[in-house]
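Note that the sequence shown ends on residue 276 in this note's numbering; no numbers are left out. Positions of the beta carbon are idealized from the N, C-alpha and C atoms, including for glycine. In this text, all values refer to a predicted model and were calculated from it rather than measured experimentally. Below you'll find the structure, written out as C-alpha cells, and then a few comments.
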Amino acid sequence: EQLRLIALRGASSEEVEELLEGDDAAPAGDFLDEIVQMEGVQGEHVYDKRVQQSVRLLDKIMLQLSKKSDHHRAFSKKLLTLFETSPLASEARDDAFQAVLAENERLTEENSRLQREANRAQQKYSRSSLKLKECEDQMAMLTTRNEELERELEEAKFDLDKAQRQANKLDYKLYTLAKVSNSQLSKVFPL
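Dropping the structure here:
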C-alpha cells in the first residue's frame, strides 16, 4: 500500500489509472498470514502476483526518481547559463542565485526522501520474501510430519484390528473350551 501511494504521488494521470486498476490487493490484514492459510498453488499464485505488483511499483518509483533527478540537473544547468548571461545587476543576480540554491536544496531533499522510501520498500519486500520462505519451509515440515503421523495412525489401526481379531479368536476358543468342559462335567457329575 505504501509503495502504491509513493508511486501515485509522482505519477501522471495515465499512470495513476494504471496503478489503481492493477491494485486488487486487500489493504487489511497481514498479507503473508493470508497466503499461509491458502492452498499451496493458490497461495503461490497470489504471492507471485503481489511480488510482480511490488516490483512494478518499485520500477515506477525509481523511474520517477530518475526523471526528477534529470529534470533537476537540466533545470540547474539552464539557471546557471541564465545567470552567467544575465544582464542583471550583481545584487539581483545574487538574490536570484540564492533562490535557486534554496529550490535546489528542496529538490535534493525530496530526491533523498524518495530514495529512502524506495530503500525501505525494498527492505520490506526482502523481509516479506524471507518470512514467506520461512512459512513455506515450516508448512512443508508440518505437512511431512502430518503424513508421518497419518502413516503411524494407519499402522496403529492395522495393529488394533489384528489384535481385535486375535482376541475374538481367543474368545471363541475359550467359549468352545468352556462348552466342552461343561458337557464333560455334566457327564461325569450328572445333576
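8 Å Cβ cutoff met for residue i and residue j
i: L150; j: N196; result: yes
i: Q207; j: L143; result: yes
Integer-rounded CB distance, given that residue j should sit under 8 Å from residue i
i: N189; j: S214; result: About 37 Å separates the two Cβ atoms, so there is no contact after all.
i: F168; j: A187; result: Actually they do not touch by this definition, with Cβ atoms about 14 Å apart.
i: L192; j: H157; result: 5 Å
i: Y132; j: L217; result: 6 Å
Neighbourhood of residue i by C-beta, 7 Å cutoff - its chain only, sequence neighbours within 5 removed
i: A184; result: none
i: R178; result: F168, S171
Coarse secondary structure for residue i, derived from DSSP in three states
i: F274; result: coil
i: S171; result: coil
i: E195; result: helix
i: M123; result: coil
Beta-carbon proximity list for residue i, same chain, < 6 Å, skipping 5 on both sides
i: H130; result: none
i: S268; result: none
i: K264; result: none
Spatial neighbours of residue i in its chain, beta-carbon cut-off 8 Å, leaving aside the 5 residues before and after
i: V136; result: Y210, S214
TODO: Report yes or no: do three or more beta-carbon pairs, one from the segment 193 to 208 and one from the segment 147 to 162, lie closer than 8 Å?
DONE: yes
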